[in-house]
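Structure (structure tokens):
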């Protein structure tokens, strides 16, 4: 994961616009309050399938991120949701840049 993506995730967390954990993330996604969802690459297949289905149904982008828990300061967290458009855009731009590098 590149440093811009790490920074974007960290900024969203510090601003209180990133919520993590299974229950909270699922609640935000079902309420369509999340702008983008993040899932750790090491999450179980069941977890990945569950969140892929929820995001597909609610038209919310789901992004796989390496070491998600580490970057949000909560090791072991597998899923998170960003609730702010500006931070979601910042994460999307960082992902685009990562793909082109």
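Numbering (the numbering used here), first residue to last: 73 to 173. Note that CB positions come from ideal geometry on N, CA and C, so glycine has one too. Given the structure is predicted, the values throughout are model-derived calculations rather than measurements.
Classification of residue i by the beta-carbon crowding that lies within 10 angstroms, buried from 16 upward
i           : result
residue 92  : buried
residue 175 : Past the edges of the chain, shown from 73 to 173, lies residue 175, and the structure says nothing about it.
residue 157 : exposed
residue 114 : exposed
residue 172 : exposed
Helix, strand or coil at residue i [DSSP, three-state]
i           : result
residue 105 : coil
residue 87  : coil
residue 112 : strand
Residue of the options minimising C-alpha distance to residue i
i           : options            : result
residue 127 : 115, 74, 105, 142  : 105
residue 205 : 162, 102, 139      : Absent from the model: residue 205. The displayed extent of the chain is 73 to 173, so no value can be given.
residue 81  : 172, 130, 141, 173 : 141
residue 97  : 145, 123, 88, 168  : 123
residue 100 : 170, 79, 130       : 130
Expected contact under 8 Å - CB spacing of residue i and residue j to nearest Å
i           : j           : result
residue 134 : residue 109 : 5 Å
residue 166 : residue 77  : 4 Å
residue 107 : residue 137 : At roughly 15 Å, the Cβ-Cβ gap does not stay under 8 Å, so residue 107 and residue 137 are not in contact.
residue 120 : residue 132 : With 8 Å as the limit, residue 120 and residue 132 do not qualify as a contact, their Cβ atoms being about 15 Å apart.
CB contact check: residue i to chain D, cutoff 8 Å
i           : result
residue 106 : Judged by its chain identifiers, the structure shown contains no chain D, having just a single protein chain.
Item to check | Sequence ranges, beta strand (DSSP E) only - wholly within the segment 120-151, length at least 3 | outcome: 133-137
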